[in-house]
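Colleague:
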Ligand code: SF4
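Numbering (our numbering), first residue to last: 309 to 384.
1) Once you ignore the five residues that flank residue 350 on each side, which residues in its own chain have a CB closer than 6 Å to its CB?
2) Taking the Cβ atom as the reference point for each residue, do residue 356 and residue 315 lie within a distance shorter than 8 Å?
3) Would you mind sorting residue 326 into buried or exposed? The rule is 16 or more other CB atoms within 10 Å of its CB.
4) Report yes if the C-beta distance between residue 336 and residue 346 is below 8 Å; otherwise report no.
5) Around the Cβ of residue 348, are there at least 16 other Cβ atoms within 10 angstroms (buried) or fewer (exposed)?
What follows is the structure, encoded as structure tokens:
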């Protein structure tokens with residue numbers, strides 16, 4: 309059962325690595341180091357994925373650590 313979604317407005321990503329550095333469970337770099345959601349649906353504009361784990365606090369930490377504020381976590 310899905311508990312939350314993570315969305316990255318990846319068009320604005322500056323490839324800093326903060327999100328996938330601190331939370332590789334939910335975030336990973338593509339070949340250009342732009343962040344994508346692990347096992348998510350990704351295009352040039354956004355990346356989005358659904359999760360049912362108990363690691364939402366990590367995802368929320370990534371939200372706080374993104375310098376351009378393009379990550380959102382939506383709880384169901
Ligand atoms: S923290 Fe933000 S800017 Fe940095 S890699 Fe992740 S999505 Fe991109």
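All C-beta atoms, glycine included, are put in the ideal place defined by N, C-alpha and C.
All values derive from a computational prediction rather than experimental measurement.
Modeller: By the coordinates alone:
1) For the purposes of this step, residue 350 is identified with residue 42 of the chain shown, where counting begins at 1. Cβ neighbours of residue 350 beyond the five flanking positions: 344.
2) Within the chain shown, the letter at position 48 stands for residue 356. Within the chain shown, the letter at position 7 stands for residue 315. Yes. Within cutoff.
3) Sequence index remark: in the chain shown, residue 326 carries index 18 (1-based). Buried, by the Cβ-count rule.
4) Here residue 336 is taken as the residue at index 28 of the chain shown, counted from 1. Here residue 346 is taken as the residue at index 38 of the chain shown, counted from 1. Yes. Within cutoff.
5) Here residue 348 refers to the residue found at position 40 of the chain shown. Label assigned to residue 348: buried.
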